[in-house]
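Notes follow the structure.
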Amino acid sequence: MLQKLHQLKDKALQALKMVSDSEELESWRIEHLGRKSELNQILHDVGRLPPEERPAVGRLTNEVKLALETAYEGKAEALKRQELERALREERIDVTLPGRPVSLGRLHLTTQTLREIYAIFGQMGFQVYESPDVETDELNFGLLNMPPHHPARDMWDTFWISDEVLLRTHTSPGQIRVMRERCPEPIRVILPGKCYRYEQVTARSEHQFYQVEGLAVGHAITMTDLIGTLTEFARRFYGPERRIRIRGSYFPFTEPSIEADMDCILCDGEGCRVCRYSGWLEICGAGMVHPVVLENGGYDPDEWNGFAFGFGVERPAMVKYSIDDIRLFYGNDLRFLRQF
Ligand code: FA5
204 MLQKLHQLKD KALQALKMVS DSEELESWRI EHLGRKSELN QILHDVGRLP
254 PEERPAVGRL TNEVKLALET AYEGKAEALK RQELERALRE ERIDVTLPGR
304 PVSLGRLHLT TQTLREIYAI FGQMGFQVYE SPDVETDELN FGLLNMPPHH
354 PARDMWDTFW ISDEVLLRTH TSPGQIRVMR ERCPEPIRVI LPGKCYRYEQ
404 VTARSEHQFY QVEGLAVGHA ITMTDLIGTL TEFARRFYGP ERRIRIRGSY
454 FPFTEPSIEA DMDCILCDGE GCRVCRYSGW LEICGAGMVH PVVLENGGYD
504 PDEWNGFAFG FGVERPAMVK YSIDDIRLFY GNDLRFLRQF
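For the sequence shown, counting from 1, position 139 maps to 342 in the numbering used here; every step adds exactly one.
If you want it as structure tokens, here you go:
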């Protein structure tokens, strides 16, 4: 038996030398140290030996087992080292290679422009008031002094959702909402938001675009306050040299109504293709809030008055950044968007 144990040990150690990867090592372990291994069998049977043989065989079996386990661990360690060296050799990482840049998002040009507008009006004491995109006929038209069948409704081609509900064609319905909420306090707000018009899409016109409405309600507000506010905005947004020109106009919700133009920033008022050789660019519609609108907002027009204005966001950005087609704003072409 003792000789058999010595042979078993020599055979196992010999076989271990041939092992070259972890899979073979595992097979070796099962064969020589596993539950069904010969060694385990001997260990199991020691009890059945004649008593005088038991101590020597038991001791040697344990010695062989320990020797094989130690050899197994040594081999496992060696294989691990070998694998690590191979990986280091073959999977070398060149830490001096330049990193791949992470692509960063940015704010859309419209958002950037809106934020610039908020900052300018914020410095002039205007708060931002948001109102819904989906409006009622009454707020979009009726309470703005355009009862059903009023011809001025034709100024805004409308996306109707039902007979009573529509996508707002302008931010002006927000005037009524903010007045009804704030009455009888004075008001100085801008109302930004998306507007929708059932219009043909061209280089200058989208069917959805942003507007910023302005509204001031107080006592003894004058047209001069309105013109001063618009001039200050134009100078801060486009540059300190800008000049403003006022023309009479018509909106049902302002009386008198005006349109404000600014000298063309591209030709300095000389006349070019963008300003259609007039030297002027339209910047907004505006006027003194109509007494009927004040009343609809809850204010007594004998005591209160105010001004309102409304302008687009994409068109002023087009002028400022020389963009010749409004469709680029919502075309999602990253080559365009990344320029801002
Ligand atoms: C109005 O919408 C009035 N509510 C403005 C107003 C407010 C007047 C308060 C008086 C008092 P208008 O339809 O002109 O007005 O539109 C205002 C601005 O929206 C235009 O100057 C333009 O910059 C922008 N706009 C209008 N239609 C489009 C369009 N299809 N695409 C892009 N921008 C547009």
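Note that CB positions come from ideal geometry on N, CA and C, so glycine has one too.
For clarity, every value in this text was computed on a predicted model and none was experimentally measured.
* **Where Arg450 falls: helix, strand or coil (DSSP)** => strand
* Asked: Hey, Asn343 and Val496: beta-carbon distance below 8 Å or not?
  -> no
* Which term fits Met358, buried or exposed, when burial requires 16 or more other beta carbons within 10 angstroms of its beta carbon? -> exposed
* Note down the Cα distance separating Arg251 from Thr264, rounded to an integer number of angstroms. => 14 Å
* Decide if the segment 520-538 is in contact with the segment 396-416; the criterion is three or more beta carbon pairs, one per stretch, under 8 Å apart. => yes
* Sorry if obvious, but does the Cβ on Phe456 come closer than 7 Å to a heavy atom of the ligand FA5? -> yes
* Asked: Hey, would you say the C-beta of Thr330 is under 7 Å away from at least one heavy atom of the ligand FA5?
  -> One detail in the question is off: residue 330 reads as Gln in this sequence, not Thr. Flag unset: Cβ of Gln330 not near the ligand FA5.
* Asked: For Glu226 and chain C, any beta-carbon pair shorter than 8 Å?
  -> In the displayed structure, chain C is absent; only one protein chain is listed.
* To do: Let me know the alpha helix (DSSP H) ranges lying completely inside the segment 386-462, each 4 residues or longer, listed in chain order.
  => 426-441
* Asked: Along the chain, where does the alpha helix (DSSP H) that runs through Met521 open and close?
  -> 517-524
* For Arg380, collect the residues of the same chain with a Cβ closer than 6 Å to its Cβ; drop the 5 residues on either side in sequence, then sort them by chain order. => Ser334
* C-beta contact flag for Asp466 and Gly482 at 8 Å -> yes
* **Option in Met204, Leu291, Trp231 with minimal Cα separation from Asp248** => Met204
* **7 Å Cβ shell around Ser240 - same chain, five flanking residues per side excluded** => Glu234
* So Leu236 and Leu242 are in contact, right, with Cβ under 8 Å, and what is the actual spacing, rounded? -> 7 Å
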